[in-house]
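J.: The structure that follows is given in the form of structure tokens.
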Amino acid sequence: MELKELKEEKLEEELKKEELEKEKLEEAELEEELEKELEDEELKEFEKLKELEGEELEEELEEEELEEEEDEELEEFEDLGKLKELEQLQVEEEEEKEESELEEELELEEEKLEEELEVELEEFEEFEELKELEEELEEEKLEEAELEEVESEEKQELD
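Throughout the sequence shown, residue numbering follows full-length UniProt numbering, covering 1 to 159 in sequence.
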């Protein structure tokens, strides 16, 4: 009868060990998934930056074309009054352009900060989940140690 109980306890221990190994594998898989998600996020951010750089180059080309047109228009104006008027218009256009660029930069910065906050929040939540899994693993290790201690005591009693 005692032999049967010992075998059952051994089987239970082996099952618990297998469960612990499964949990360790699951934890490793979770960590791999987290790393992959972070890499995906970094890739997306890099692609967004490339798009923004392309848009900035287009804007610079358009600005250069506008400046060339304005230069040609300046040559056409001979009257000083008209030149002053044109200069005033250019100043106003430049101010509007700068204001528009600042607004765009602010919007981009806001979007970037929001994305960073979302990523950090996800990382924090995943960290909390990992922490809980580690605590569960620690509890199971303690239970396993207690079981081993009980088995050891039972062996000593049998001997």
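For every residue, glycine included, the Cβ atom is placed at its ideal position computed from N, Cα and C.
Considering only their Cβ atoms, is the gap separating Leu20 from Glu140 smaller than 8 Å?
T.: Yes, Cβ-Cβ distance for Glu140 and Leu20 is below 8 Å.
J.: Take Leu11 and list the residues in its own chain whose beta-carbon comes closer than 7 Å to its own, dropping the five residues that flank it on each side.
T.: Here the set comprises nothing.
J.: Between the beta-carbon of Leu147 and the beta-carbon of Glu13, is there less than 8 Å?
T.: Contact: yes.
J.: Could you tell me whether the stretch 121 to 135 touches the stretch 25 to 38, using the rule of 3 or more Cβ pairs below 8 Å?
T.: Taking 8 Å as the limit for Cβ pairs, the verdict is that the stretch 25 to 38 does touch the stretch 121 to 135.
J.: What's the C-alpha gap between Glu107 and Glu132?
T.: Computed Cα separation, rounded: 37 Å.
J.: Nearest to Lys112 by alpha carbon, out of Lys84, Lys4, Lys48, Leu34?
T.: Nearest C-alpha to Lys112: Lys48.
J.: Would you grab the beta carbon distance between Lys119 and Glu41 for me? Rounded to a whole angstrom, and I think it's under 8 Å.
T.: In the sequence on display, residue 119 carries Val and not Lys. With a Cβ gap of about 6 Å, Val119 and Glu41 count as contacting.
J.: To the nearest angstrom, how far is it from the Cα of Ser152 to the Cα of Leu6?
T.: Ser152 and Leu6: Cα-Cα distance of roughly 11 Å.
J.: Alpha carbon to alpha carbon, what distance is there between Glu26 and Lys4?
T.: Looking at the two C-alpha atoms, the distance is approximately 33 Å.
J.: Just to check, is the beta-carbon of Glu105 closer than 7 Å to a non-hydrogen atom of the ligand NAD?
T.: The ligand NAD is absent from the structure shown, which contains no ligands of any kind.
J.: So within the stretch 12 to 89, which uninterrupted beta strand (DSSP E) runs reach at least 3 residues, ignoring any that extend past its ends?
T.: Segments of the beta strand (DSSP E) lying fully in the stretch 12 to 89: there are none.
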